[in-house]
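Residue numbering for the sequence shown follows the working numbering, beginning at 2 and increasing consecutively. Note that CB positions come from ideal geometry on N, CA and C, so glycine has one too. All of these numbers come straight from a predicted model, not from anything done at the bench. Contents: one structure, followed by commentary.
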Amino acid sequence: MEERTLHHQQDAEDFVRGCAFFGTGGGGSPRRGLEYLSGALKQKGSVTWIDVEEVPDDAPVISLFYMGSISPPDPDLPRRLKELGMERRVENELVKAYRELEAFTKVSPPYLAAAEMGGINTPAPIAAAMELGLKVVDGDYGCGRANPEMANSLVGAGGYPVYPVAFCDYAGSVTVVKEAPSIPMVERIGKLVSSASFGLVGSAGYLLSGRQMKEAIYRGTLTRALQLGRTIRRARETGADPVAAAVEFCGGWLLFKGRVVEKRWEDREGYMFGHYCLEGADQFAGRSFKVWYKNENHISWLDGKPYVTSPDSIIAVTLPDGEPITNTDIAEGQQLAVVGIAAGAPYRTPAGLAVMGPRHYGFDLEYRPIEQIMGNR
Numbered sequence: 002m003e004e005r006t007l008h009h010q011q012d013a014e015d016f017v018r019g020c021a022f023f024g025t026g027g028g029g030s031p032r033r034g035l036e037y038l039s040g041a042l043k044q045k046g047s048v049t050w051i052d053v054e055e056v057p058d059d060a061p062v063i064s065l066f067y068m069g070s071i072s073p074p075d076p077d078l079p080r081r082l083k084e085l086g087m088e089r090r091v092e093n094e095l096v097k098a099y100r101e102l103e104a105f106t107k108v109s110p111p112y113l114a115a116a117e118m119g120g121i122n123t124p125a126p127i128a129a130a131m132e133l134g135l136k137v138v139d140g141d142y143g144c145g146r147a148n149p150e151m152a153n154s155l156v157g158a159g160g161y162p163v164y165p166v167a168f169c170d171y172a173g174s175v176t177v178v179k180e181a182p183s184i185p186m187v188e189r190i191g192k193l194v195s196s197a198s199f200g201l202v203g204s205a206g207y208l209l210s211g212r213q214m215k216e217a218i219y220r221g222t223l224t225r226a227l228q229l230g231r232t233i234r235r236a237r238e239t240g241a242d243p244v245a246a247a248v249e250f251c252g253g254w255l256l257f258k259g260r261v262v263e264k265r266w267e268d269r270e271g272y273m274f275g276h277y278c279l280e281g282a283d284q285f286a287g288r289s290f291k292v293w294y295k296n297e298n299h300i301s302w303l304d305g306k307p308y309v310t311s312p313d314s315i316i317a318v319t320l321p322d323g324e325p326i327t328n329t330d331i332a333e334g335q336q337l338a339v340v341g342i343a344a345g346a347p348y349r350t351p352a353g354l355a356v357m358g359p360r361h362y363g364f365d366l367e368y369r370p371i372e373q374i375m376g377n378r
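Now the structure itself:
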């Protein structure tokens, strides 16, 4: 049980670090995620999650999550917000979204499952669950990583109910999607709502039964995030290499080390699209590495040739401390290491590859499992 309980601030920091690592460049701001989680920890004294099997099959389970682009804010944003009367009226958008969906469905789910892993999209929903008195289960629907689209989730890919879903921004604008012709349409509505609100919107959805949750969820990922965050910190404290420690913990691979020499991005349709390029250092000196992202990292190239791709995870961390960094914060001149981790089994299926493979993101590439690529280097 100790591995499922956060007792103090150090635990919260370790947990958020692990969540941000598994966010694969997206998943939202770990700084904001830690603020929410620290507040819940201070108020409640501890934060705990439970094993998936403790949830009754007939009990309703909900997910809370933020939706929207992770792009840096527009410098002209304060003026535009003032014109629209967008001062904060809602203390917690996730709590408000839960209440709105509760009012619409007349269902009060007592359990919460994380929609994905990420710096804000795991700890902030947990904090909201603590405020609402919900029990949190040890797992997520993102197969242990963050994803840009609802269709990428194990809920969407598995054909489980996505709507109804409630969206709420910090100014109190509320939208409830009762039904839609497809999951991509629900996604489109949510992204348009977030674009209209100039940022992330709190969301409540994925209203499943306990039985459905157990079928869809990727188990043990909250505990794994805590353990990984702790591993990285302890490596620093003992003078060990935190990147090597993270690679060993995850059973992954060091894909590259180097300096960011280019970053390009655009905010489009509620996503942050872009790429960054690294110039190699140490054992990678004289080589180049490029990563393309849609919120999260999805396609990479080594020396101009296609390399590791989604659904396998491509994770950037800063050097020398091994701290995970989001694509929002990556900047030219930074020294980074890039780590690769094999995708969970659900994403290695035809259905998983259909929503997470390179072709889903518009690239005419065959998916090659990371272990095959790294075995043939």
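- If the five residues before and after Tyr161 are omitted, its C-beta is found closer than 7 Å to the C-beta atoms of Leu209, Gln213, Ala217, all from its own chain and listed in chain order.
- In the displayed model, Met273 falls within a strand according to three-state DSSP.
- Separation of Val187 and Tyr164 (C-alpha to C-alpha, rounded to the nearest whole angstrom) is 8 Å.
- Annotation for Thr49: Met2, Arg5, Thr6, Leu7, Val137 place their beta carbon closer than 8 Å to its own, counting only its chain and skipping 5 residues before and after.
- Counting the other CB atoms within 10 Å of its CB gives Glu267 a total below 16, which places it among the exposed residues.
- In the DSSP assignment, Leu38 is bridged to no other residue.
- Cβ neighbours of Ser109 within its own chain (closer than 6 Å, five residues either side excluded): Glu103.
- The criterion of a C-beta distance shorter than 8 Å is satisfied by Ile121 and Gly34.
- Residue state for Tyr219 is assigned as strand, using DSSP reduced to three classes.
- Three or more Cβ pairs closer than 8 Å define a contact, and the region 41–59 falls short of that threshold against the region 195–208.
- Here DSSP, grouped into helix, strand and coil, assigns Ser72 to coil.
- With a cut-off of 8 Å on Cβ pairs, the region 253–267 is in contact with the region 281–294, counting three or more such pairs.
- In the DSSP assignment, Ile190 falls within the unbroken alpha helix (DSSP H) covering 184–197.
- Here Pro182 is exposed: its Cβ has fewer than 16 other Cβ atoms, across all protein chains shown, within 10 Å.
- Around the beta carbon of Arg231, 16 or more other beta carbons lie within 10 angstroms, which makes this residue buried.
- DSSP lists Arg220 as the bridge partner or partners of Gly140.
- Only residues of its own chain outside the window of five on either side were considered, and among them Val96 have a CB closer than 6 Å to the CB of Glu132, listed in chain order.
- Pairing Val309 with Ile371 gives a Cβ-Cβ distance under 8 Å.
- Under the DSSP assignment, Glu103 falls in the alpha helix (DSSP H) whose first and last residues are 94–106.
- The C-alpha of Gly211 lies about 13 Å from the C-alpha of Asp141.
- Lys264 and Thr106 have their alpha carbons spaced roughly 44 Å apart.
- When DSSP states are grouped into helix, strand and coil, Asn328 belongs to the coil group.
- With the rule of 3 Cβ pairs closer than 8 Å, the region 60–73 counts as touching the region 271–287.
- Arg146 and Gly252 have their C-alpha atoms roughly 15 Å apart.
- Inter-residue distance for Val175 and Pro321 is about 43 Å (C-alpha atoms, whole angstroms).
- In this structure, Ala343 keeps its C-beta atom at 8 Å or more from the C-beta atom of Ser204.
- Burial check for Ser314: the Cβ neighbour count within 10 Å reaches 16 or more, so the residue is buried.
- Close CB contacts of Thr224 within its chain, under the 8 Å cut and outside five residues either way in sequence, are with Glu4, Arg5, Trp50, Asp139 (chain order).
- Shown here for Tyr219: same chain residues with a beta carbon closer than 8 Å to its own, the five before and five after excluded, namely Gly140, Asp141, Tyr142, Gly143, Cys144, Gly145, Leu155, Gly345, Pro347 in chain order.
- In this structure Arg18 is buried. Its beta-carbon is surrounded by 16 or more other beta-carbon atoms within 10 angstroms.
- Annotation for Leu113: the continuous beta strand (DSSP E) segment containing it runs 112–115.
- Per the C-alpha coordinates, the member of Glu92, Gly46, Gly119, His299 positioned closest to Val356 is His299.
- Between Gly119 and Ala246 the beta-carbon gap is near 21 Å, outside 8 Å, which marks them as no contact.
- In its chain, beyond the 5 residues on either side, Thr329 have a beta carbon closer than 7 Å to the beta carbon of Pro73.
- Per the C-alpha coordinates, the member of Gly191, Ala152, Glu150 positioned closest to Lys179 is Gly191.
- Shown here for Gly86: same chain residues with a beta carbon closer than 8 Å to its own, the five before and five after excluded, namely Ala172 in chain order.
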